[in-house]
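One structure below.
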Amino acid sequence: AAYHLKQRGLEFAVLEEAERWGGTWERIRFPGIRSDSDMFSYAFSWYPWRHEHNLADAVHVNKYLDEAVAFAGLADSFRLRTRVESAAWSSSDAAWSVVAEGPAGRVTYTARFLFMCAGYYEYHTVFSPTFSGLERFEGRVVHPHQWRPDPAEWAGKNVVVVGSGATAATIVPHMA
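Our numbering numbers the first residue of the sequence shown as 1 and each following residue consecutively.
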């Protein structure tokens with residue numbers, strides 16, 4: 001959206017809570033994290049994927065995003081470390097009022113249009129299923145969203161990975 005807004009010469013800001021753009025690819029660090037969709041489909045139409053692998057790891061996805069932001073000249077449009085606190089529509093003003101907290105303090109943005117591109121993760125409050133007897137488990141429980149362990153921590157140990165899809169498929173080979 002930011003690319004297309006810039007191409008049309010419209011004034012806009014991208015409010016990003018993190019220290020940099022990248023979302024999942026920047027925030028989640030479990031071993032082997034990579035795309036589960038081919039990058040040719042995942043890439044922006046205005047900046048095609050040009051790297052040799054069609055399934056990319058987080059390092060290459062972040063590199064691609066950095067290249068795309070630079071290519072489009074979007075870096076100055078980002079308000080990094082800026083958390084949206086509220087958004088309210090005013091019918092009488094035909095405008096959104098967006099309150100955000102960031103390095104510049106508390107700022108209110110006014111806009112005719114609001115794109116909510118928050119994704120589906122709550123990075124601060126991840127979902128953790130409950131299992132009967134978990135409170136008696138004496139080992140360590142690690143959620144991939146909050147991954148920070150050293151590989152030596154699981155060497156020679158019995159490890160159980162509970163998950164599905166790409167997360168389990170990328171973590172397990174790197175733990176073996």
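We treat Cβ as the ideally placed atom computed from N, Cα and C, and that holds for glycine.
Note that the coordinates shown come from a computational prediction; the quantities given were computed from them, not determined experimentally.
- Terminal residues of the beta strand (DSSP E) in which residue 109 lies: Residue mapping note: residue 109 aligns to position 109 of the sequence shown, counting from 1. Start and end: 105-111.
- Query: To the nearest whole angstrom, what separates the beta carbons of residue 25 and residue 65, a pair I think is in contact under 8 Å?
  - Reply: Residue 25 sits at position 25 when you count from the first residue of the sequence shown. Residue 65 sits at position 65 when you count from the first residue of the sequence shown. With a Cβ gap of about 7 Å, residue 25 and residue 65 count as contacting.
- Query: Would you call residue 39 buried or exposed, if buried means 16 or more other Cβ atoms sit within 10 Å of its Cβ?
  - Reply: Your numbering for residue 39 matches position 39 in the sequence shown. Residue 39 is buried by the Cβ-count criterion.
- Task: Identify whether residue 16 lies in helix, strand or coil by the three-state DSSP scheme.
- Result: Working through the sequence shown from its first residue, we reach residue 16 at position 16. Residue 16: strand per DSSP, three-state reduction.
- Message: Taking 8 Å as the cut-off, does the segment 41-53 touch the segment 9-24 (at least 3 CB pairs, one atom from each stretch)?
- Response: no
- Item | Residues near residue 147 in its chain [Cβ-Cβ closer than 6 Å; skip 5 each side] | Here residue 147 is taken as the residue at index 147 of the sequence shown, counted from 1. Counting only Cβ-Cβ distances below 6 Å, and skipping sequence neighbours, we find 29, 30.
- Starting from the C-beta of residue 15, find all residues in its chain whose C-beta is less than 6 Å away, skip the five residues before and the five after it, and write them out in chain order. For the purposes of this step, residue 15 is taken as residue 15 along the sequence shown, with counting starting at 1. The answer, listed in chain order, is 79, 82, 84, 100.
- Candidates 107, 104, 33, 1: closest to residue 69 by CA position: If you number the sequence shown from 1, residue 69 lands on position 69. Taking only the C-alpha atoms, the option nearest residue 69 is 1.
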